[in-house]
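Protein chains in written order, with UniProt numbering: chain A, 1 to 204; chain B, 1 to 204. The beta-carbon is built from N, C-alpha and C at its ideal position, and this holds for glycine as well.
2 protein chains.
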Amino acid sequence: MQFAKIQGKRWLLRFDRGQRIHVRDTKGTAWRIVSGSVRLDREEPNGEHSFANLAIRGDVIGAETLLFGKYGFTATALTACVLESWPEGHDSPVSDSLLRTLAKAERRAAEVIALRCGQAADRVRRLVMILAHSAVEQPTHAAAELQVTLPSRQDMADITALTLETVSRMVSQLRHAGVLAPLHHGRRLSQSNFAVRQTLGDTP
Amino acid sequence: MQFAKIQGKRWLLRFDRGQRIHVRDTKGTAWRIVSGSVRLDREEPNGEHSFANLAIRGDVIGAETLLFGKYGFTATALTACVLESWPEGHDSPVSDSLLRTLAKAERRAAEVIALRCGQAADRVRRLVMILAHSAVEQPTHAAAELQVTLPSRQDMADITALTLETVSRMVSQLRHAGVLAPLHHGRRLSQSNFAVRQTLGDTP
DNA sequence: CGATTCCTTGAGCAACCTCAAAAGCGGTGG
DNA sequence: CCACCGCTTTTGAGGTTGCTCAAGGAATCG
Numbered sequence: 001m002q003f004a005k006i007q008g009k010r011w012l013l014r015f016d017r018g019q020r021i022h023v024r025d026t027k028g029t030a031w032r033i034v035s036g037s038v039r040l041d042r043e044e045p046n047g048e049h050s051f052a053n054l055a056i057r058g059d060v061i062g063a064e065t066l067l068f069g070k071y072g073f074t075a076t077a078l079t080a081c082v083l084e085s086w087p088e089g090h091d092s093p094v095s096d097s098l099l100r101t102l103a104k105a106e107r108r109a110a111e112v113i114a115l116r117c118g119q120a121a122d123r124v125r126r127l128v129m130i131l132a133h134s135a136v137e138q139p140t141h142a143a144a145e146l147q148v149t150l151p152s153r154q155d156m157a158d159i160t161a162l163t164l165e166t167v168s169r170m171v172s173q174l175r176h177a178g179v180l181a182p183l184h185h186g187r188r189l190s191q192s193n194f195a196v197r198q199t200l201g202d203t204p
Numbered sequence: 001m002q003f004a005k006i007q008g009k010r011w012l013l014r015f016d017r018g019q020r021i022h023v024r025d026t027k028g029t030a031w032r033i034v035s036g037s038v039r040l041d042r043e044e045p046n047g048e049h050s051f052a053n054l055a056i057r058g059d060v061i062g063a064e065t066l067l068f069g070k071y072g073f074t075a076t077a078l079t080a081c082v083l084e085s086w087p088e089g090h091d092s093p094v095s096d097s098l099l100r101t102l103a104k105a106e107r108r109a110a111e112v113i114a115l116r117c118g119q120a121a122d123r124v125r126r127l128v129m130i131l132a133h134s135a136v137e138q139p140t141h142a143a144a145e146l147q148v149t150l151p152s153r154q155d156m157a158d159i160t161a162l163t164l165e166t167v168s169r170m171v172s173q174l175r176h177a178g179v180l181a182p183l184h185h186g187r188r189l190s191q192s193n194f195a196v197r198q199t200l201g202d203t204p
């Protein structure tokens, strides 16, 4: 279920984990991600739909609607997330904002492409890192503990091009290695949706 | 070596296979790819540089220079290619061209991401398909034979997240399966740089 | 308390990687 | 023309990582 809020002059939409945000070939507007993370899927030639891209805080999704009037991808919330409509009209030159969006999209694409090579453990660790960076407001360059909501194992598998089982094993391994905090049984948190990261600055 | 031609009012640059087009963090302008294919690389945290994206005919590379004044990626020619400067000044609304470029970049990213999952044989086949589509001028929707210059095995390996050896094996396999033409010994073509595709329309 | 869904863990196997050697191609120079 | 060199590609044999299949645990909801 999605709650629409008007705060100041911005439309804010909230989505829960796993919820569909928009569907390919339907009409709608573009959104900027205020918090949380989103997966984009495309339709394969064979009709299946498969992971196409990842979007996190600051990224714009659905920009193609400004050109074609329809979404080019299906978007689903990987974690609870908040979106605001884009572009914000008040911004001065549209081309500047667009250019910034383009540059960001290319960097994100490079990151996601990189997520799909190397050892399984490393891939999952890198994905967690990206999500962790997206969770923190300002880059506090100190080693800080912060809570990150992980996507479902299936979603993580789709992103890293691994299987659900391998991702699960690697998450366990990261926990054992101290990168992720052990499960909080006492506090009744969802079994594995919450994780605590410890060393944010560097990737050894 | 790069030849600059002025044809009409367009600057056309030509690059050979394997040649560096531009280097990350250096100054320069953006380019649209007129023909051929290009790989973009980014610098890893550890200093290595690794495959970040693929660009083919119609794609724009180096758009971020319009914003930051420097290239965000290093670009190298996968095959002989021709570039023209971008944006072409005469185009009416900049934002329209930019939007089109953004949409294209997102579709390309999705394609490259998809190139990195599934069986090795399929990945290589899909890469060849993409390069073949980029080689043909108009989408002739009939089954047509056309010549495609393949990138080096190492480049294909970097793109598909396989090893050089596996790519070589899969290319041999595709030849045996009739997707790629057998080597032309008679015509003195380079051993494996040229390939002929046969069924362009569909991907069974 | 079922029923459902998601996650975890195990065992065996196959696809792909690693290491290694040989062959093809292009260039240079005798 | 042939020999030689450097580079890329091809092909082979064996090892490992991650996949497949399967069963069991944990949380949520009625």
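Checklist entry - Is the CB of ALA103/A under 9 Å away from at least one CB in chain B? => result yes
Checklist entry - Which whole-angstrom value is the C-beta distance of ALA30/B and LEU66/B, which I expect to be below 8 Å? => result 6 Å
Next on the checklist: Does THR74/B come out as helix, strand or coil in the three-state DSSP assignment?
Outcome noted: In the structure shown, THR74/B sits in a strand (DSSP, three-state: E or B).
Checklist entry - Is the Cβ-Cβ distance between ILE61/B and LEU83/B less than 9 Å? => result Contact flag set, yes.
Checklist entry - Would you say ASP202/A faces chain B, with C-beta separation under 9 Å as the test? => result Bear in mind that a pLDDT of 38 at ASP202/A, under 50, signals an unreliable position, so the model cannot answer this.
Checklist entry - So, using beta-carbon positions, are LEU174/A and ARG125/A closer together than 9 Å? => result yes
Item to check | Buried or exposed by the 16-neighbour rule on C-beta atoms within 10 Å, applied to ILE6/B | outcome: exposed
Item to check | 9 Å Cβ cutoff met for ARG10/B and ARG24/B | outcome: ARG10/B is not a Cβ neighbour of ARG24/B, given a cutoff of 9 Å.
Checklist entry - Skipping 5 residues on each side, what residues in its chain have a beta carbon closer than 7 Å to that of ALA120/B? => result So the qualifying residues of the chain are LEU162, THR166, MET170.
Item to check | Within chain B, partners of ARG100/A - CB distance below 8 Å | outcome: LEU67
Checklist entry - Going along chain B, which residues have a C-beta under 8 Å from ILE113/A? => result Around ILE113/A, the beta-carbon contacts reaching into chain B at under 8 Å are PHE51, ALA52, ASN53, ALA109, VAL112, ILE113, ARG116.
Checklist entry - In the DSSP assignment, what residue or residues form a beta bridge with residue 237/A? => result In the structure as shown, chain A begins at 1 and stops at 204. Residue 237/A is therefore absent and cannot be evaluated.
Next on the checklist: Give me the chain A residues within the contact set of ARG42/B, using Cβ-Cβ distance strictly less than 7 Å, ordered along the chain.
Outcome noted: Chain A residues near ARG42/B: ALA110.
Next on the checklist: Tell me the DSSP secondary structure of LEU67/A in three-state form.
Outcome noted: Helix at LEU67/A.
Checklist entry - Three or more C-beta pairs closer than 8 Å, one from the stretch 148-160 of chain B and one from the stretch 44-64 of chain B: is that the case here? => result yes
Checklist entry - Measuring CA to CA, which of ALA135/A, ASP122/A, ARG108/A, ILE33/A is closest to ALA177/A? => result Nearest C-alpha to ALA177/A: ASP122/A.
Checklist entry - Closest to GLN154/B by CA distance: which of GLY18/B, LEU12/B, LEU13/B is it? => result GLY18/B
Item to check | Runs of beta strand (DSSP E) wholly within the UniProt domain "HTH crp-type" (152-180) of chain B (minimum 3 residues, chain order) | outcome: none
Next on the checklist: Against chain A, does VAL38/B count as a neighbour if the rule is that its beta carbon must be under 9 Å from one of theirs?
Outcome noted: Answer no: the Cβ-Cβ gap between VAL38/B and chain A never drops below 9 Å.
Next on the checklist: Per the DSSP calculation, HIS85/A is bridged to which residue(s)?
Outcome noted: Residue 85/A is actually Ser in this sequence, not His. In DSSP, SER85/A forms a bridge with TRP31/A.
Item to check | Residue burial classification, ARG39/A (beta-carbon count within 10 angstroms, cutoff 16) | outcome: buried
Item to check | Local Cβ density within 10 Å of ALA109/B, reported as buried at 16 or more and exposed below that | outcome: buried
Item to check | Pair within 9 Å by beta-carbon distance, SER152/B and CYS81/B | outcome: no
Checklist entry - If we ignore side chains and look at the alpha-carbon of each, how far apart do GLU44/A and GLU64/B end up? => result Whole-angstrom Cα-Cα distance: 30 Å.
Checklist entry - Does the distance from the CB of ILE33/A to the CB of ARG14/A come in under 9 Å? => result no
Checklist entry - According to DSSP, is ALA4/A helix, strand or coil? => result strand
Next on the checklist: Quick check on the burial criterion: 16 or more other C-beta atoms within 10 angstroms. Buried or exposed for GLU106/A?
Outcome noted: buried
Checklist entry - Contact check, SER95/B vs VAL94/A under 8 Å by CB: the rounded distance? => result 5 Å
Item to check | Cβ pair LEU180/B, VAL136/B closer than 9 Å | outcome: no
Item to check | Close-in-space but distant-in-sequence residues of the same chain around LYS27/A (CB under 7 Å, 5 per side omitted) | outcome: GLY69, LYS70
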